[in-house]
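**Q** Each residue of the sequence shown is one higher than the one before, starting from 26 at the first, in the numbering used here. Questions regarding the structure given below will be posed in turn.
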Amino acid sequence: MDNHAYVPRRKRRRAEPPVTPPAPEAHHSANKSNYEASASQETSWLRQERGIVVEGEGPIPAPIRSFLELSLPPETISVLHSRGVSVPSAVQAQALPCIVQHRDVVALAPTGSGKTLCYSLPMLVLLRSQPYPGVAVYPTMQMMPISPCALVVVPTRELVDQVVQDLASFFPKSSNPPIVGICGGIPVDEQLVQLRQHTSSAVAVVATPGRLLHLVQRHGSILSLGQVSLLAIDEVDRVLEVPEMETQLREILQAANASGRQTLLLSATLPAFLPRLARSAVLRPVTIRVEEANIPAQMSSSSSPTTMLALSTGSNVVHDVQFMRPAEKHSRLLSVLRLTKQPPVLVFCNSRLSVERVARLLRNEQFHVAPLHGGQPQGYRTQVLRAFRAGYVDVLVATDLASRGLDLPGVEHVVLFDMPHTIEDYVHRCGRTGRHPGSNTGGSDVSGKATSFLTRECAIAMELKQVLRAARQPLPRELEVSRLFQPPTNILQEQ
């Protein structure tokens, strides 16, 4: 063998660049990004499904599907179940997680959508967890004014009574719930005694603006608002209707721990002055608007205010607007009531005189009827409402005192004997029915009826036409002729 024979050199394989596995952080970041995108898509879908529109700075929490997500005490969940409340309503689903994260909230939702529970549940948690707020400020119990940790402001005495009872129902019946109602029509000394019963515990105060401000200014040694942690203004559109109330409310906002509180504004409608108040009352709020699912998609936030009110009329209410001469109203009311299958029925009038006349007519026709208006003593009005809720009164004839906020369960029919003078009041009156969809229609979404007596003196005929069209409700042919309607100049609408 030739020692010099050519032996081919083994070809050297070119070195491949080392393969570096992806960093665990990068892999985690990609998964997290995908998860967040999926969660965001699910949140958007859920809001769209429930008619929820949100606006606000920073991240806004997703709606909850169950009250269990709030980690509420078992006894609170038990009370909710005993009321038949197992799933959060649309406004509750979005507002509650925002409130739990200590965000200021402006909630706009139809009447009967469950706005009260949006502040009731957080207040219950606050009452059970927070020690008496005045201990660090006042050295002795004798010197301490009552300084509530939670404050609810509502426009009427009836709402004070209702909210107090609602909050108290979450506490054992044998206890003395730390809830105090403050309103006119009750002696001041009696309310001061109630406040003094809670000197050693956290307290929630439910009040009308006038009486609350009176106690704070005249009896500051007994009641102070300096330690309010949570402030809720319910039916804020109604509170701001009266210029005097708006002034009182602004003074309360200044006195109620302006730099350290959480503020909630709740309303069924969006009056022009609400954004102005919100700018001075809340800080970086989350604005939540709940729309009805069957309202046409073209009704966006850019639509006219009148058209947007259709969102609050409730898709589960049938609107029956009947045109007639004023002289026909009494006989037509008797016909409507006799055709109503079962009580209770709520009849609205614009003045106290009209309420008394209609109640007298029905009483003479052997109806179990009671009148309700602001000219009656507070004790009598409370008895009337309790009798109506208990079924002893079949027909309640009332001014707009009964149109806002009051929980009147079982009302499947409301009659607008007198048409109101604002479209907002029309919405609120109709909102007294249809509060429990499917309750009387075999599972149907329709659960209430609103019958309105339309005359040539109607002041809201054109706005009413827009609202009914937007809500896809039938219109009487007379409503198409604008020249038929000549509203009076001397408008009177009492409480």
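Using N, Cα and C, we set each Cβ at its ideal position, and we do this for glycine too. No experiment lies behind these values; they were computed from the predicted model shown.
Look at the alpha carbon of S507 and the alpha carbon of C483, and state the distance between them as a whole number of angstroms.
**A** 11 Å
**Q** So P396 packs on V422, CB below 8 Å; how close in whole Å?
**A** 5 Å
**Q** Between which two residues does the beta strand (DSSP E) harbouring R314 extend?
**A** 311–315
**Q** With DSSP run on the structure shown, which of helix, strand or coil describes H106?
**A** Of the three classes helix, strand and coil, the one that applies to H106 here is helix, per DSSP.
**Q** Return the residue from the list Q279, E316, L250, G81 that minimises the CA-CA distance to A115.
**A** E316
**Q** For the 8 Å Cβ check, are there 3 or more pairs between the stretch 255–264 and the stretch 133–147?
**A** yes
**Q** Which same chain residues end up closer than 8 Å to P501 when comparing Cβ atoms and leaving out the 5 residues on each side of it in sequence?
**A** The answer, listed in chain order, is V346, Q347, F348, L479.
**Q** Within the stretch 83–149, note down every full alpha helix (DSSP H) run reaching 4 residues or more, in order along the chain.
**A** 99–107, 115–125
**Q** Output needed for F510: all residues of its chain with C-beta closer than 7 Å, excluding positions within five of it in sequence on either side, in chain order.
**A** R481, C483, A486
**Q** Measuring CA to CA, which of A232, S428, H344 is closest to N375?
**A** S428
**Q** On the three-state DSSP scale, how would you describe Q403?
**A** helix
**Q** By DSSP, does D450 sit in helix, in strand, or in coil?
**A** For D450, the three-state secondary structure derived from DSSP is helix.
**Q** In the DSSP assignment, what are the bridge partners of L421?
**A** L371, A395
**Q** What are the residues that DSSP puts in a beta bridge with I277?
**A** None; I277 has no bridge partner.
**Q** Look at the alpha carbon of P310 and the alpha carbon of P268, and state the distance between them as a whole number of angstroms.
**A** 24 Å
**Q** Measuring CB to CB, does R182 end up less than 7 Å from G137?
**A** no
**Q** Kindly confirm or deny that the stretch 98–110 and the stretch 284–300 touch, where touching means at least three C-beta pairs closer than 8 Å.
**A** no
**Q** Which one of Q126, P402, T365 has the shortest CA to CA distance from L255?
**A** Minimum Cα distance to L255 is reached at Q126.
**Q** Work out the CA separation of M169 and Y163 for me, nearest whole Å.
**A** Here Y163 scores only 43 on pLDDT, less than 50, and its place in the model is too uncertain to base an answer on.
**Q** My output table needs one value for E80: the three-state DSSP class, helix, strand or coil.
**A** strand
**Q** Can you tell which of P113, I277, P122, R382 has its C-alpha closest to the C-alpha of V179?
**A** Residue nearest to V179 within the set P113, I277, P122, R382 is I277 (criterion: CA-CA distance).
**Q** Which of helix, strand or coil does DSSP assign to G235?
**A** helix
**Q** Considering only DSSP beta bridges, list what D186 is partnered with.
**A** Per DSSP, none; premise fails for D186.
**Q** Just confirm the distance between the C-beta atoms of T207 and L240, as a whole number of angstroms; I'd bet it's less than 8 Å.
**A** The sequence shown places Ile at residue 207, not Thr. Taking a contact as a CB-CB distance under 8 Å, the pair I207 and L240 counts as one, their CB atoms being some 6 Å apart.
**Q** Just the C-alpha distance for Q242 and A232, rounded to the nearest angstrom, thanks.
**A** 15 Å
**Q** Where does Q287 sit, in a helix, a strand or coil, going by DSSP?
**A** strand
**Q** For Q222, which residues in the same chain have their Cβ closer than 7 Å to its Cβ, ignoring the five residues on either side in sequence?
**A** N201
**Q** In this structure, how does DSSP classify L220 when only helix, strand and coil are distinguished?
**A** helix
**Q** So the alpha helix (DSSP H) S356 belongs to, where does it begin and stop?
**A** Where S356 is concerned, the enclosing alpha helix (DSSP H) stretches over 354–364.
**Q** Candidates L149, P84, S65: which alpha carbon is nearest S96's?
**A** Taking only the C-alpha atoms, the option nearest S96 is L149.
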